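**Student:** Chain order of the listed sequences is P and Z. First residue of the first sequence? That's 1 in our numbering, and the numbers climb one at a time after it. First residue of the second sequence? That's 1001 in our numbering, and the numbers climb one at a time after it. Using N, Cα and C, we set each Cβ at its ideal position, and we do this for glycine too. On a predicted model such as this, the values are computed, not experimentally measured, just so you know. Submitted below is the structure of interest, expressed as structure tokens.
Number of protein chains: 2
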Amino acid sequence: MVEEALTAERILEAAEEVLRRFGPAKATVVDVARALGVSHGSVYRHFPSKTALRDAVAERWLARVSHPLAEVAAEKGPAPERLRRWLDLLRELKRKKARDDPELFATYSNLVADARDVVRVHVETLASQIARILADGVEQGAFTIEDPVAAGWAVFNATAKFHNPIHASEWSDPGNDAAFEGVWSLLLGGLGVREVPAKARKKPSKK
Amino acid sequence: MVEEALTAERILEAAEEVLRRFGPAKATVVDVARALGVSHGSVYRHFPSKTALRDAVAERWLARVSHPLAEVAAEKGPAPERLRRWLDLLRELKRKKARDDPELFATYSNLVADARDVVRVHVETLASQIARILADGVEQGAFTIEDPVAAGWAVFNATAKFHNPIHASEWSDPGNDAAFEGVWSLLLGGLGVREVPAKARKKPSKK
DNA sequence: GGACTGACAAAAGTCAACATCTGTCAGTCG
DNA sequence: CGACTGACAGATGTTGACTTTTGTCAGTCC
């Protein structure tokens, strides 16, 4: 019987499964090793610490959030509509993770609370995706922005309530979607979009 | 020797002092009673539970946040400048509490995490103060807003990162003030303010 | 007679003995 | 030789007996 070689990749898969099963509070390195049929010392040959292993699992998991978003950010269509879809997708992905993968989501929430580097990189990725959409929008003449990078951060910060896992418990509140729509309106104006998308708007009489 | 009557007011003062000293984790009803020289049974004559007592202490404490803000909200000057001062004051008050009154601030953070009614009332108060400033601004022709109440909530939500105690640990981050400025710019635009306040801006060439 | 006490039950919290886990490394095995 | 093991020390968690706290209420005292 040919044993498959022990690789970082296989450890990550096993670790993710163990985290999913037992959650961040109960999952141990011994559990991961047991799932792989090796001693836990072997795991430490590939990852310097349990923390590093957890970060690496989270990194893969976060990539599965930021990749679909990157695709939307890279599209060609009108930027305002694209920004809206991007934000909707971010909310949807986060909420889906919180719902379908509660233990991994709890792991991620811990990382956020611990201000781990892997989280900093993730939010930088997201903010720069927004910046990219905003820059496209400026080129299209749809947005009036001085500094798309700064504005990208501003959009990310202003919508924190709707994607930061620290606020996850509020996502199922009755008014949450309405609250998002309110902030979205603010954003549209703040980005220099003059046309109100839905029903036609009267031209302002003054000025 | 005339003993002063035991009133809810005196209990609240003692409870606040006990909470300030020992923090939410260590303060007990017996401590509060001891500070007043009575049995803890007497305290339960005035408050139905420890939770109710804690909420009442927080309510007083929150009033000391919302009252100075209400004064700013009620002023007569130009609304955009007033909104800015209101937000600055909110940030300053919250940060001051976190710094100078860490135990009471921790008590409040717990209440927020528990989604207590007293917190809901507090944020409703704040959101309506914003709405009032916005309504003034619309009357002055400084803001272009359809629904000041909805916009008040949106401003409150979009700035959550800068006043919600759940984010308190980020308030001392290096970029936090810059992040606030970014969101503030977004807000100004989102509220329909066309003039950029600081250095003169060229008139837009298109449209 | 109503504010207050103090004794009490149930709930929650503490703490130290015990158990498990993390991280290391000398040594085995293929 | 080098991936892997297993035994180990120190750190961290768990357990369960014990203590404190919460909340109640019959009874006292002015």
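Excluding the 5 residues preceding and the 5 following residue 1109/Z in the sequence, name in chain order all residues of the same chain whose CB lies nearer than 6 angstroms to its CB.
**Tutor:** Taking the second sequence and counting its residues from 1, the one referred to as residue 1109/Z is at position 109. Here the set comprises 1165.
**Student:** Under 8 angstroms between beta-carbons, which chain P residues line up against residue 1135/Z? List them in chain order, please.
**Tutor:** Mapped onto the second sequence, residue 1135/Z falls at position 135. Simply none; closest approach about 15 angstroms.
**Student:** May I ask you to list, following chain order, the residues of the segment 1157-1187 of chain Z that have a beta carbon less than 7 angstroms from some beta carbon of chain P?
**Tutor:** 1157, 1158, 1160, 1161, 1166, 1179, 1182, 1183, 1185, 1186, 1187
**Student:** Could you round the C-beta distance between residue 1078/Z and residue 1142/Z to whole angstroms and report it? I think they count as a contact, below 8 angstroms.
**Tutor:** The sequence position of residue 1078/Z within the second sequence is 78, counting from 1. The sequence position of residue 1142/Z within the second sequence is 142, counting from 1. That belief holds up - the Cβ atoms of residue 1078/Z and residue 1142/Z are roughly 6 angstroms apart, short of 8 angstroms.
**Student:** Under the three-state reduction of DSSP, which class applies to residue 1075/Z: helix, strand or coil?
**Tutor:** For the purposes of this step, residue 1075/Z is taken as residue 75 along the second sequence, with counting starting at 1. Coil, per DSSP.
**Student:** With C-beta atoms as the reference, is residue 1086/Z less than 8 angstroms away from residue 1104/Z?
**Tutor:** Here residue 1086/Z refers to the residue found at position 86 when the second sequence is read from its first residue. Here residue 1104/Z refers to the residue found at position 104 when the second sequence is read from its first residue. Going by C-beta atoms, residue 1086/Z is not nearer than 8 angstroms to residue 1104/Z.
**Student:** Could you tell me whether any Cβ in chain Z is nearer than 8 angstroms to the Cβ of residue 86/P?
**Tutor:** In the first sequence, counting from the first residue as 1, residue 86/P sits at position 86. So, not an interface residue.
**Student:** Taking only runs that begin and end inside the segment 1087-1166 of chain Z, name each unbroken alpha helix (DSSP H) of 4 or more residues, in chain order.
**Tutor:** 1102-1113, 1117-1140, 1148-1158, 1160-1163
**Student:** Under a CB-based cut-off of 8 angstroms, is residue 203/P close to chain Z?
**Tutor:** Taking the first sequence and counting its residues from 1, one reaches residue 203/P at position 203. Low confidence applies here, because residue 203/P scores a pLDDT of 40, under 50, leaving its location unreliable and the question unanswered by this model.
**Student:** Just confirm the distance between the C-beta atoms of residue 191/P and residue 1189/Z, as a whole number of angstroms; I'd bet it's less than 8 angstroms.
**Tutor:** For the purposes of this step, residue 191/P is taken as residue 191 along the first sequence, with counting starting at 1. For the purposes of this step, residue 1189/Z is taken as residue 189 along the second sequence, with counting starting at 1. Confirmed, about 7 angstroms.
**Student:** State yes or no: is the C-beta of residue 122/P within less than 8 angstroms of the C-beta of residue 187/P?
**Tutor:** For the purposes of this step, residue 122/P is identified with residue 122 of the first sequence, where counting begins at 1. For the purposes of this step, residue 187/P is identified with residue 187 of the first sequence, where counting begins at 1. No; because the gap between Cβ atoms is not below 8 angstroms, this pair is not in contact.
**Student:** How would you write the range of the alpha helix (DSSP H) that residue 1038/Z sits in, first residue to last?
**Tutor:** The count along the second sequence starts at 1 and reaches residue 1038/Z at position 38. Careful: residue 1038/Z lies outside any alpha helix (DSSP H) and carries neither H nor E.
**Student:** I'd like to confirm something about residue 1088/Z: is its beta-carbon nearer than 7 angstroms to some heavy atom of the ligand COA, or not?
**Tutor:** The ligand COA is not part of this structure, which contains no ligands at all.
**Student:** Does residue 126/P get closer than 8 angstroms to chain Z when you measure Cβ to Cβ?
**Tutor:** Mapped onto the first sequence, residue 126/P falls at position 126. No, residue 126/P lies away from the interface with chain Z (no Cβ there is under 8 angstroms from its Cβ).
**Student:** Go ahead and pull the three-state DSSP assignment for residue 28/P.
**Tutor:** For the purposes of this step, residue 28/P is taken as residue 28 along the first sequence, with counting starting at 1. In this structure, residue 28/P counts as coil in the three-state DSSP scheme.
**Student:** Within 10 angstroms of its Cβ, does residue 7/P collect 16 or more other Cβ (buried), or is it exposed?
**Tutor:** Along the first sequence, read from residue 1 onward, the residue named residue 7/P stands at position 7. When all chains shown are included, residue 7/P counts as exposed.
**Student:** Mark residue 97/P as exposed unless 16 or more other C-beta atoms lie within 10 angstroms of its C-beta, in which case mark it buried.
**Tutor:** In the first sequence, counting from the first residue as 1, residue 97/P sits at position 97. Buried, because 16 or more other Cβ atoms sit within 10 Å of the Cβ of residue 97/P.
**Student:** In whole angstroms, what separates the C-alpha of residue 71/P from that of residue 83/P?
**Tutor:** Translated into the one-based positions of the first sequence, residue 71/P becomes position 71. Translated into the one-based positions of the first sequence, residue 83/P becomes position 83. Spanning the two alpha carbons is a distance of roughly 12 angstroms.
**Student:** Is there a Cβ of chain Z sitting closer than 8 angstroms to that of residue 190/P, yes or no?
**Tutor:** Along the first sequence, read from residue 1 onward, the residue named residue 190/P stands at position 190. Closer than 8 angstroms: yes.
**Student:** Would DSSP call residue 51/P helix, strand or coil?
**Tutor:** Along the first sequence, one-based indexing puts residue 51/P at 51. Note: residue 51/P maps to helix in three-state DSSP.
**Student:** Would residue 1153/Z pass as an interface residue toward chain P - the criterion being a Cβ-Cβ separation below 8 angstroms?
**Tutor:** Taking the second sequence and counting its residues from 1, one reaches residue 1153/Z at position 153. For residue 1153/Z, the answer is yes, since a Cβ of chain P falls inside 8 angstroms of its Cβ.
**Student:** My output table needs one value for residue 1185/Z: the three-state DSSP class, helix, strand or coil.
**Tutor:** As a first step, residue 1185/Z must be located in the second sequence, where it is residue number 185. Helix at residue 1185/Z.
**Student:** Give a yes or no on whether the minimum CB-CB distance between residue 150/P and chain Z is below 8 angstroms.
**Tutor:** Within the first sequence, numbered from 1, the residue matching residue 150/P stands at position 150. Yes, because at least one Cβ of chain Z sits closer than 8 angstroms to the Cβ of residue 150/P.
**Student:** Quick one: grab the DSSP three-state call for residue 1006/Z.
**Tutor:** Along the second sequence, read from residue 1 onward, the residue named residue 1006/Z stands at position 6. Residue 1006/Z falls in the coil class under three-state DSSP.
**Student:** By Cβ distance, which residues of its chain are closer than 7 angstroms to residue 1145/Z, with the 5 residues on each side in sequence left out?
**Tutor:** Here residue 1145/Z refers to the residue found at position 145 of the second sequence. Cβ neighbours of residue 1145/Z beyond the five flanking positions: 1134, 1138, 1151, 1191, 1192.
**Student:** So, under 8 angstroms CB-CB, residue 962/Z and residue 1019/Z are touching, yes? Tell me the CB distance rounded to an integer number of Å.
**Tutor:** As shown, chain Z starts at 1001 and ends at 1207. That puts residue 962/Z outside it, with no answer to give.
**Student:** Please report the distance separating the alpha-carbon of residue 52/P from that of residue 44/P.
**Tutor:** For the purposes of this step, residue 52/P is taken as the residue at position 52 of the first sequence. For the purposes of this step, residue 44/P is taken as the residue at position 44 of the first sequence. Taking the straight line from one Cα to the other gives about 10 angstroms.
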